[in-house]
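Just below is one structure, and these are the notes that go with it.
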Amino acid sequence: MLQDSAEIQDKNIKQENKRRLRANQEPRVPLYTLDEAKAAMKLFSIVEYTQTYDVTDKIQARFQNAGHIMGSASIELFITEDGQKKKLVFS
């Protein structure tokens, strides 16, 4: 999906920059390129649902099956700050 998005951005930016050139406007650049997307993919890792992972010494993360879309997940972040532990959920 990340690589597809990079290709779509590249195509859209090229079309938009043709119009911008005719309007004497500065060209735009995509948010990220296909090469950058490929490099980012090398940094990804597979994680299991329900298992807690240390992101840093003060942040842990756990993915839960969201259920409403196949393969979707919610993430729970457990953040320790100033001696207090807080839970933040994105679904």
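Going by the working numbering, 92 is the number at position 56 of the sequence shown; the sequence numbering is gapless.
Idealized CB from N, CA, C, for every residue including glycine.
Excluding the five sequence neighbours on either side, which residues of its own chain have a C-beta within less than 8 Å of the C-beta of GLU84, listed in chain order?
PHE99
Quick check for students: name the residue ranges of the alpha helix (DSSP H) that lie wholly in the segment 60-113, counting only runs of 4 or more.
70-77
Burial state of ALA75 (16 or more Cβ within 10 Å):
exposed
What does a CB cutoff of less than 6 Å around ASN53 pick up in its chain, not counting 5 residues either side in sequence?
PRO63
Is it right to say ALA42 is buried, meaning 16 or more other beta carbons lie within 10 angstroms of its own, or is it exposed?
buried
Rounded to whole angstroms, what is the Cα-Cα separation between ALA109 and ALA59?
44 Å
ALA102 and SER127 look like a contact to me (Cβ under 8 Å); what is the Cβ gap, rounded to whole Å?
6 Å
How big is the Cα-Cα spacing for LEU70 and LEU57?
23 Å
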